[in-house]
Amino acid sequence: MKKIILDCDPGMDDSMAIVMAVKSPELDVLGITAVNGNYPVDVTQKNARKVLELLDKTEIPVARGMANPIIRNSPGDPFTHGKDGQAEANLPEPRMALSDLDAVDFIIKEVKQHPGEVTLIATGPMSNIAMAMRKAPEIKEMIPEIIAISGMFGLNDYAFMNATGDTPQSEWNVYVDPEAAKVVYESGVKLTALGLDVATYFDVDFTEEEIQKLEKSDKKEAAFLANAIHFVRGRGFGAYCTVIDCMAVAYAIDPTLVETIKAHVGVETKDGLTLGMTVIDRRHHFVWEQLPLVNVGKKADCGRFLKLLLDLVLK
Ligand code: BDR
Ligand code: CA
């Protein structure tokens, strides 16, 4: 089993990413670390606990993380995941306690306890991970890989789809905390960045039959997903919005689901039209070889991704 920490900002799609990770027999979830992003951290940590209670997996720790980006203020997310941040599923208030450690210390502790073994999956802004790297730089040598929903690389037409209030060239997670993303991209840790190119995809949709299967299932997580699909469709969005972050978990389970390329990438941290842009050097210009080499998602096998997701949700 691959040991993982899921660093997230639930968010309905982060909530589904938690469901997938916890139910996957391939992954050993050491903990969920919540961060400010789609919602303030006290909403996201609560939502993470709500999902674990729904799954009856309250033994998995949830740690509260950074309430703000590492140096700037947080923008508000205009693409609302609903009043509760979970497509108005209105799950019961969580009773399980938060971890005594905050997310930054939790990440440091777990990585040091299992050197070389803990993959970080990041589906929110990278504030927690960047702070952990700043506080304990030695952990960088001990992290085998970070798999992130991060960036936009212009590798296909989907790259231009995003409903969040970022810039025309950025993706929400990088836009919220570009300085944190820069720290992580430049950390030297192997980074697989699955950006909007592969994580927002109109090919991912659910058939009426699949939705009915979700509705008829006795699994609460299946009902949660069905509700989220109706919620986003009712607001004129594609159903893929409900599962964007699941692609990072799917990749951790089966890396053959996404074709990647290696590319030098820089993160724009200057304010303005391109704040948060993940600039890819497609000309292979030697001057820009100084930029970190990142494993960038180019094309996802959406059919196999959806099957994996639905099998896990319904099992
Ligand atoms: C991100 O947008 C958010 O709504 C999702 O949670 C995801 O992490 C992709 O830009
Ligand atoms: Ca997210």
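The sequence shown stops at residue 314 when you use numbering that gives the first Met the number 0, and every number in between is there.
A virtual CB, placed ideally from N, CA and C, is assigned to each residue, including glycine.
Pick from the options that is closest to residue i, judged by C-alpha positions
| i | options | result |
| --- | --- | --- |
| D83 | D41, V278, E137 | D41 |
| Y239 | D204, I120, L224 | D204 |
| G64 | F78, T57, D104, L51 | D104 |
| G150 | M130, E140, A180 | A180 |
| S315 | G194, P124, L5, R303 | Because residue 315 is not part of the residues shown, which for the chain are 0 to 314, the question remains open. |
| N37 | A96, I3, L309, F78 | F78 |
| S98 | T122, G115, P60 | P60 |
| V264 | D8, G10, F152 | F152 |
| T277 | M15, K2, P291 | P291 |
| Q112 | N67, D165, L5, I138 | I138 |
| V117 | A225, L193, I4 | I4 |
| T255 | L307, C7, A221 | L307 |
| V266 | N127, N67, E185, R94 | E185 |
| S169 | D270, V286, P9, A16 | D270 |
| T319 | A33, M132, H80 | Residue 319 falls outside the range modelled here, since the chain spans only 0 to 314, and no answer is possible. |
| L53 | V18, I260, V28 | V18 |
| M132 | P143, I107, P114, N155 | I107 |
| L29 | S23, P9, K2 | K2 |
| S23 | A96, E144, H283, Y250 | Y250 |
| P9 | E25, D76, L26, T57 | D76 |
| K212 | T273, E288, R94, L313 | L313 |
| T191 | V257, L224, V231, M95 | V257 |
| D27 | R281, E58, R94, A222 | E58 |
Collapsed DSSP secondary structure at residue i in the structure displayed
| i | result |
| --- | --- |
| D101 | coil |
| V242 | coil |
| E207 | helix |
| K298 | strand |
| M0 | coil |
| K261 | strand |
| A225 | helix |
| S169 | strand |
| V312 | helix |
| G233 | helix |
| I148 | strand |
| G31 | Looking at the sequence shown, residue 31 is not Gly but Ile. Here I31 sits in strand by DSSP. |
| A179 | helix |
| L90 | coil |
| V61 | strand |
With 16 other Cβ atoms within 10 Å as the buried cut-off, status of residue i
| i | result |
| --- | --- |
| E92 | exposed |
| V182 | buried |
| T206 | exposed |
| Q85 | buried |
| M0 | exposed |
| N172 | buried |
| R48 | buried |
| D217 | exposed |
| V286 | exposed |
| L272 | exposed |
| Q44 | buried |
| H346 | Residue 346 falls outside the range modelled here, since the chain spans only 0 to 314, and no answer is possible. |
| A88 | buried |
| D176 | buried |
| A102 | buried |
Short CB-CB distance (under 8 Å) between residue i and chain B
| i | result |
| --- | --- |
| S126 | Protein chains in the displayed structure number just one, and chain B is not present. |
Expected contact under 8 Å - CB spacing of residue i and residue j to nearest Å
| i | j | result |
| --- | --- | --- |
| L397 | A62 | It is not possible to answer for residue 397, since the shown part of the chain is limited to 0 through 314. |
| D13 | D244 | 5 Å |
| I252 | I228 | That pair is no contact at about 22 Å. |
| I69 | E178 | 5 Å |
| A198 | I148 | 5 Å |
| T166 | G275 | 6 Å |
| K261 | D196 | Not confirmed; about 15 Å, so no contact. |
| M246 | L193 | 5 Å |
| I120 | D6 | 7 Å |
| K215 | N294 | 39 Å between Cβ atoms; not a contact. |
Let me have the residue list for ligand 2: C-beta closer than 5 Å to any non-hydrogen atom, ordered along the chain.
-> Taking a cut-off of 5 Å from the heavy atoms of ligand 2, the residues with a C-beta inside it are D8, G10, D13, T122, G123, D244.
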